Amino acid sequence: MKKIGIISDTHGLLRPEILEILKDCDCIIHAGDVNKPEILDTLRMMGSIYAVRGNNDKDWAEGMAKTLHFTIEGVKFFMTHNKKDVDWDLKDTQVVIFGHTHKYFEKMIDNRLWLNPGSCGPRRFDQEITMAVMTVDNGTYQWKKVAMIPKK
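Each residue of the sequence shown is one higher than the one before, counting from 17 in my numbering.
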């Protein structure tokens with residue numbers, strides 16, 4: 017069994033509250049708009065990481081993939097930053113992860129979870145700061161939304 021921290025749109029900010037949650041995770045998924053390579057360096061020290069390039073990830077991120085297919089504990093994932101870049105043929109993908117909108121979204125569509133963890137970077141407008149935590153085990157998964165009120 018593995019615990020996964022799912023984040024997106026950090027835009028150069030790793031909040032202490034987010035790091036506190038991620039330190040208990042076996043791996044971290046970042047759905048793009050990292051903005052600074054130091055963010056990925058910090059996350060790599062905490063465990064394995066899967067990350068895609070977002071529309072705000074510039075020159076430093078040229079080598080990053082825009083889409084990723086990967087499997088954790090038998091659960092098949094597909095990830096991209098912008099939902100419009102999702103593969104048309106998802107085959108046996110169980111979880112589709114994307115970011116970009118800064119709004120948390122979860123919906124089962126065709127027996128597949130579509131999940132946007134929202135944004136845990138700088139707060140935009142009055143949107144809440146969110147991420148997701150998922151437990152995967154032997155091809156099954158459970159997830160929960162984590163929302164927080166940012167400290168002023």
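Every residue, glycine too, gets a C-beta built ideally from N, C-alpha and C. For clarity, every value in this text was computed on a predicted model and none was experimentally measured.
DSSP places L30 in the coil class of the three-state scheme, outside both helix and strand.
Membership of D153 in the beta strand (DSSP E) is indicated by the continuous run 145-153. A direct Cα-to-Cα measurement between T117 and L59 gives close to 22 Å. The stretch 94-112 makes no contact with the stretch 138-145: fewer than 3 CB pairs, one atom from each, lie closer than 8 Å. Around the CB of H85, fewer than 16 other CB atoms lie within 10 Å, so the residue is classed as exposed.
With 16 or more neighbouring CB atoms inside 10 Å of its own CB, M95 falls in the buried class. Less than 8 Å divides the Cβ of D153 from the Cβ of M17.
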